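> For the sequence shown, the positions run 582 to 1043 when the working numbering is used.
Handing you this structure, nothing more for now.
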Amino acid sequence: MTLTATYANDLSRVRLAITGAPASADYARVERSTDQITWSTVRGGDTVALNAGTGQLDDYEFTPGVPNHYRATYVDSAPISYVGAGTAAAGNNAPVTPGLPAGLVDGDVLLIWAAIRNTEGTVDTPAGWTRLVDAGNAALLGRRYTAGDTAPTVTFTGGVAGADTLAQAAGFRNAELVPAAANTVLNAAAQDITYPALTVPGDDHLVLICGWKQDEWTNVGMPVTEIGEPSSVTGDDAGICWCYIVETTRIDVVTGFFDITGGAAAISRGVTAAFRPADYAAREQTVITPAMTTVWIKNLQRPYLNRAVTVTDFSSITRPARAGVFDVVSRSLPVAVTDLRGSRRYTLTLTAANLDVAEDLEYCFATGEPVLVHVPAGCPFPGMYAVIGDITIERHSARTLRRFFDLPLTEVAAPPGTIVGDTVLWADIVAGFATWADLVAAEATWSDVLDRIADPADVIVP
């Protein structure tokens, strides 16, 4: 997986490019942070489309002059599913290496159910793995799969001669690694293995039921879909078994049992665990310090109207009161009725170097839509989302080609995150190309078409 961030000064944007996203991911969620504590979703970053593991997004609202951290979260919206089980491994008071299941992809949850025969023994946790459920001489281990991972060797502590060691691996997709809830039970000698009840926290959870018995068997009747039931006569005999169900609608687990055929009555252990759906399949980060050194006025709805501007002056900043003072009959002091003070207001003066620049700015401001006054670090006037009031365009001498724009700004709330602009519209394509052949000759791919930057005169002024 690769997430890259590049600053482009054409429209003052950070281009975020994704390659090699997990094949299982339906979309990516892209967020930004300057402290890696508080994250906000980049505009348009809720569900970034992925095509063969690639995608891109432009961020126009970055913080200039400081490191901007971006993270891409790859989401698979499918329910939890079973990938498969690997070949079980057994030994006599010895380490074992269970085989990994086939068909694993990045982000899958790998689980190992392992046990040693004598109850004084314990299962060690392999490097890079997590002990998810500790059941004394049995344990459920787990980790996220990454391409290239190999099967771990599971070792045991406190074993004795004749202590059968067993382990088997299984994979699940779209499940969280750590159980949301789990219970264990140690059973007195019996033919069947009793497993404990469990309150399942919610819908769409994976319920895993595991068993161990201090004797071998010929067959195990499973309460739900079987994963495996390996037993061993390598030492003094033992067996492990486990099964699963993905509950679309939450149903609490009641105490039940694995129906054991063969062998003899012996002590056993049962484990019941529930795993909630995964928030994401994988996540990665990158960082960039955008080198924006001038003031930009940006239209987030129509980013092809973004322009770097030359600011030559700015007025005092006002914040109007929203209050009333009322005299009361027979009282010396009036009564105040107050509310929050109004937003910031000031006038920004821009200089257009010539008539072409002035005309371009007129087009860009013609929509009347809210803009982002995006200022570089250390700017003496504030950046803000604003509505531009009545624009005044002046010349300061009869012979000059320069024009001076006075923009009265009123600070407003940021446009909703659902407003996401494109740099080109269909009307721009129609205006720019007479035939399909002309378009194909100029732009090799649809991505190239979408990367075109429209001419504001094409749409704003008929």
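All C-beta atoms in this analysis are idealised placements derived from N, C-alpha and C, irrespective of residue type, glycine included.
Note that this is a predicted model, so its numbers are computed, not measured.
In chain order, what residues of the same chain have a beta carbon less than 8 Å from the beta carbon of Arg926, not counting five sequence neighbours either side?
For this step, residue 926 is matched to residue 345 along the sequence shown. Hits under 8 Å: Ile898, Thr899, Arg900, Pro901, Pro989, Leu990, Thr991 and Glu992.
> For Tyr726, which residues of its own chain have a beta-carbon under 6 Å away from its beta-carbon, when the five flanking residues on both sides are left out?
The residue you call residue 726 lines up with position 145 of the sequence shown. Answer for Tyr726: Leu685, Asp689 and Leu691, listed in chain order.
> Measure the C-alpha to C-alpha separation of Asn755 and Val664 and round it to an integer number of angstroms.
Taking the first residue of the sequence shown as 1, we reach residue 755 at position 174. Taking the first residue of the sequence shown as 1, we reach residue 664 at position 83. In a straight line, the C-alpha of Asn755 is about 10 Å away from that of Val664.
> From Phe1014 to Leu953, what does the alpha carbon distance come to, in whole angstroms?
Taking the sequence shown and counting its residues from 1, the one referred to as residue 1014 is at position 433. Taking the sequence shown and counting its residues from 1, the one referred to as residue 953 is at position 372. Each residue's alpha carbon lies about 31 Å from the other.
> Locate the alpha helix (DSSP H) running through Ala1023, then write down its first and last residues.
In the sequence shown, residue 1023 corresponds to position 442, counting from 1. Trp1017 to Ala1023 is the extent of the alpha helix (DSSP H) around Ala1023.
> Provide the residue span of the alpha helix (DSSP H) that contains Phe946, from first to last.
Reading the sequence shown from its first residue, position 365 is the one you call residue 946. Note, Phe946: alpha helix (DSSP H), Leu936 to Phe946.
> Can Ile841 and Trp798 be called in contact, C-beta distance under 7 Å?
By one-based count along the sequence shown, residue 841 stands at place 260. By one-based count along the sequence shown, residue 798 stands at place 217. Yes; because the gap between Cβ atoms is below 7 Å, this pair is in contact.
> When the distance is taken between beta carbons, is Thr711 closer than 7 Å to Thr738?
Counting from one through the sequence shown, the residue named residue 738 turns up at place 157. Counting from one through the sequence shown, the residue named residue 711 turns up at place 130. No, they are not a contact pair.
> For Gly636, which of helix, strand or coil comes out of DSSP?
For this step, residue 636 is matched to residue 55 along the sequence shown. Three-state result, Gly636: strand.
> Which residue's Cα is closest to the Cα of Ile1034: Asp1003, Phe985, Asp817 and Tyr966?
For the purposes of this step, residue 1034 is identified with residue 453 of the sequence shown, where counting begins at 1. When each option's Cα is compared against that of Ile1034, the closest is Asp1003.
> Which residues in the same chain as Arg903 place their Cβ atom closer than 6 Å to its Cβ, once the five residues preceding and following it in sequence are excluded?
Residue 903 sits at position 322 when you count from the first residue of the sequence shown. Answer for Arg903: Asp920 and Gly923, listed in chain order.
> Taking only runs of the beta strand (DSSP E) that begin and end inside the stretch 892 to 928, which ones reach a length of at least 3 residues, in chain order?
The qualifying runs are 892 to 895, 904 to 907 and 916 to 919.
> Establish whether the CB of Val906 and some CB of chain D are separated by less than 7 Å.
The question asks about chain D, but that chain is absent: this structure has only one protein chain.
> Can you look up Thr583 in the DSSP assignment and give me helix, strand or coil?
Taking the first residue of the sequence shown as position 1, residue 583 is located at position 2. Note: Thr583 maps to strand in three-state DSSP.
> What is the residue span of the beta strand (DSSP E) that Gly665 lies within?
By one-based count along the sequence shown, residue 665 stands at place 84. Here the beta strand (DSSP E) through Gly665 covers Ser662 to Ala666.
> Closest to Pro986 by CA distance: which of Val906, Phe907, Asp908 and Asp894 is it?
Here residue 986 is taken as the residue at index 405 of the sequence shown, counted from 1. Sequence check: residue 986 is Phe here, not Pro. Of the candidates Val906, Phe907, Asp908 and Asp894, the one whose C-alpha sits nearest the C-alpha of Phe986 is Asp894.
> Hey, how far is the Cα of Ile848 from the Cα of Pro777?
One-based indexing of the sequence shown puts residue 848 at position 267. One-based indexing of the sequence shown puts residue 777 at position 196. Between Ile848 and Pro777, the C-alpha separation is close to 15 Å.
> Write down the C-beta distance between Gly680 and Ala750 rounded to the nearest angstrom, noting that I regard them as a contact closer than 8 Å.
Start at 1 with the first residue of the sequence shown, and residue 680 comes out as number 99. Start at 1 with the first residue of the sequence shown, and residue 750 comes out as number 169. About 7 Å separates the two Cβ atoms, so the contact holds.
> What would DSSP say about Leu886, mapped onto helix, strand or coil?
Translated into positions along the sequence shown, residue 886 becomes position 305. Helix.
> So Tyr608 and Ala586 are supposed to be a Cβ contact under 8 Å. How far apart are they, rounded?
By one-based count along the sequence shown, residue 608 stands at place 27. By one-based count along the sequence shown, residue 586 stands at place 5. Incorrect: roughly 19 Å between the Cβ atoms, too far for contact.
> Residues in the same chain with beta-carbon distance under 6 Å from Val781, minus the five sequence neighbours each way, listed in chain order, please.
By 1-based counting over the sequence shown, the position of residue 781 is 200. Contacts found: Arg831, Asp833 and Ala855.
> For a test of the three-state rule: what should DSSP assign to Gly783, helix, strand or coil?
For this step, residue 783 is matched to residue 202 along the sequence shown. Residue state, collapsed to three classes: coil.
> Where in the stretch 736 to 766 do unbroken runs of the alpha helix (DSSP H), each at least 4 residues long, occur, reported from the N-terminal end onward?
Listed in chain order, there is nothing to give.
> Go ahead and label Ser812 buried or exposed: buried means 16 or more other beta carbons lie within 10 angstroms of its beta carbon, across all protein chains shown.
Position 231 of the sequence shown holds residue 812. Answer is buried; the Cβ neighbour count reaches 16.
> Provide the residue span of the beta strand (DSSP E) that contains Asp840, from first to last.
The residue given as residue 840 occupies position 259 in the sequence shown. First-last of the beta strand (DSSP E) with Asp840: Gly837 to Thr842.
> Taking all protein chains shown into account, do 16 or more other C-beta atoms lie within 10 angstroms of the C-beta of Trp823, making it buried, or fewer, making it exposed?
Translated into positions along the sequence shown, residue 823 becomes position 242. With 16 or more other Cβ atoms within 10 Å, it is buried.
> For Thr999, does the count of other Cβ atoms within 10 angstroms reach 16, so buried, or fall short, so exposed?
Position 418 of the sequence shown, counted from the start, is the residue given in the question as residue 999. Thr999 should be labelled exposed.
> Around the Cβ of Asn880, are there at least 16 other Cβ atoms within 10 angstroms (buried) or fewer (exposed)?
Taking the first residue of the sequence shown as 1, we reach residue 880 at position 299. Under this definition Asn880 is a buried residue.
> For the beta strand (DSSP E) that contains Thr806, what are its first and last residues?
In the sequence shown, counting from the first residue as 1, residue 806 sits at position 225. Unbroken beta strand (DSSP E) run through Thr806: Thr806 to Gly809.
> For His650 and Arg613, which I take to be in contact (beta-carbon distance under 8 Å), what is that distance rounded to the nearest angstrom?
Here residue 650 corresponds to residue number 69 of the sequence shown, with the count starting at 1. Here residue 613 corresponds to residue number 32 of the sequence shown, with the count starting at 1. 7 Å between Cβ atoms; contact.
> Just the C-alpha distance for Thr622 and Arg596, rounded to the nearest angstrom, thanks.
Stepping through the sequence shown from its first residue, residue 622 is reached at position 41. Stepping through the sequence shown from its first residue, residue 596 is reached at position 15. So the two alpha carbons sit approximately 15 Å from each other.
> With distances taken Cα to Cα, identify the nearest neighbour of Asn699 among Arg724, Val647, Asn887 and Gly820.
Here residue 699 refers to the residue found at position 118 when the sequence shown is read from its first residue. Per the Cα distances, Gly820.
> Confirm, please, whether the CB-CB distance from Ser896 to Thr928 is below 7 Å.
Your numbering for residue 928 matches position 347 in the sequence shown. Your numbering for residue 896 matches position 315 in the sequence shown. The answer is yes: Cβ separation under 7 Å.
> What distance in whole Å lies between the Cβ atoms of Pro957 and Gly646, which are believed to be in contact at a cut-off of 8 Å?
Mapped onto the sequence shown, residue 646 falls at position 65. Mapped onto the sequence shown, residue 957 falls at position 376. Indeed, because the Cβ distance is near 6 Å, the residues count as touching under 8 Å.
> Assuming Gly844 contacts Asp745 under a Cβ cut-off of 8 Å, what Cβ separation, rounded to an integer in Å, is found between them?
Sequence index remark: in the sequence shown, residue 844 carries index 263 (1-based). Sequence index remark: in the sequence shown, residue 745 carries index 164 (1-based). Incorrect: roughly 12 Å between the Cβ atoms, too far for contact.
> Give me the residue from His955, Val1021, Ala994 and Asp1019 with the minimum Cα distance to Glu642.
Locating residue 642 in the sequence shown gives position 61, counting from the first residue. Of His955, Val1021, Ala994 and Asp1019, the residue nearest in Cα terms is His955.
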